[in-house]
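Heads up: the structure comes next, in structure tokens.
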Amino acid sequence: MAEQLPHLLRSDAQDNRDRVLDAARALFSERGLDVPMRVIAREAGVGPATLYRRFPTKQTLVDEAFIDELATCRRIVEESCADPDPWRGFASAIERLCVLNARNQGFVNAFMSANPEAEMFTEHRVSLQRQLAHLAQRAKRAGALRRDFVMDDLVLVLLAGRGLSSVLPSSREARALRFAELAIDAFRERGEGISVGQRRR
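Anchor point for the sequence shown: position 197 equals 197 in full-length UniProt numbering, and the numbering is continuous, going up by one each time.
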């Protein structure tokens with residue numbers, strides 16, 4: 001039991017951290033970065049002392065929440081690019097990025113307006129666009145992605161998807177998935193590949 005205690009304490013601390021970050025991202029998306037720390041603690045179900053022990057300042061919490069957001073985005077792109085089927089990987093990237101974009105766009109906008117020169121975001125964007133461009137080329141060579149596709153087309157879809165952040169949270173993911181399905185179908189070379197809806201069935 002004595003050997004298990006440190007592991008249990010670490011697990012509990014990690015759970016608290018995850019709940020705080022989840023609550024912070026949701027509240028930042030809905031209300032901007034001015035949400036009081038006590039409100040975040042209450043939403044996460046932790047005491048103020050627990051919150052401040054892990055995040056001693058509001059800026060620390062904002063920065064770590066954003067870094068986690070970037071890590072999630074990077075993981076989506078890397079997993080999609082690793083798919084041996086380039087069209088399936090490309091479609092998966094669009095679908096998952098649209099959902100992430102709709103869910104947390106309010107937070108990303110708030111962070112970027114408060115940190116307009118954030119270098120980590122610029123480096124992150126350039127790196128992931130390069131990986132997605134390579135994936136798109138593979139999908140074209142496989143005959144699944146329309147030949148006139150350019151990366152600006154994907155950027156346009158993600159920009160358009162930002163409007164979904166105004167949809168009620170309860171239906172936001174479903175709307176984002178539908179939006180992604182329509183976008184993927186538009187990108188598909190006619191007569192090749194399958195749509196997201198067909199993949200699910």
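Note that beta-carbon positions come from the ideal geometry of N, C-alpha and C, so glycine has one too.
Review point. What does Arg147 pair with, by DSSP beta-bridge criteria?
Key: Note: Arg147 sits in no beta bridge, so no partner.
**Study point:** Cβ-Cβ distance between Val77 and Ala93 below 8 angstroms
**Key:** A contact, by the Cβ cut-off of 8 angstroms.
Review point. For Arg188, which residues of its own chain have a beta-carbon under 6 angstroms away from its beta-carbon, when the five flanking residues on both sides are left out?
Key: Taken in chain order, the list of residues that qualify is empty.
Review point. Beta-carbon separation of residue 279 and Asn101 under 8 angstroms?
Key: Nothing can be reported for residue 279: it is not among the residues displayed for the chain, which extend from 1 to 201.
Check your understanding: Ends of the alpha helix (DSSP H) at Leu61?
Key -> Bounds of the alpha helix (DSSP H) holding Leu61 are 58-81.
Exercise for review: Just tell me which of Arg74, Leu135, Gly161 has its CA closest to the CA of Glu123.
Suggested key: Among Arg74, Leu135, Gly161, the Cα nearest to that of Glu123 belongs to Arg74.
Exercise for review: Report the option in Ala136, Asp34, Leu51 whose CA atom is closest to the CA atom of Phe16.
Suggested key: Note on identity: in this sequence residue 16 is Asn, with Phe being the wrong assignment. Out of Ala136, Asp34, Leu51, Leu51 has the C-alpha closest to the C-alpha of Asn16.
**Study point:** Own chain, CB closer than 6 angstroms to Ala23, minus 5 neighbours either side, in chain order
**Key:** Here the set comprises Ile40, Glu43, Ala44.
Review point. Where does the unbroken alpha helix (DSSP H) through Asp185 begin, and where does it stop?
Key: Boundaries of the alpha helix (DSSP H) harbouring Asp185: 169-187, taken from the DSSP string.
Practice item. Tell me whether Pro36 sits in a helix, a strand or coil according to DSSP, three-state version. Key: Coil at Pro36, not helix or strand.
Review point. Measuring CA to CA, which of Leu132, Leu168, Ile67, Ser170 is closest to Leu153?
Key: This sequence places Asp at residue 153; Leu is not what is there. Nearest C-alpha to Asp153: Leu132.
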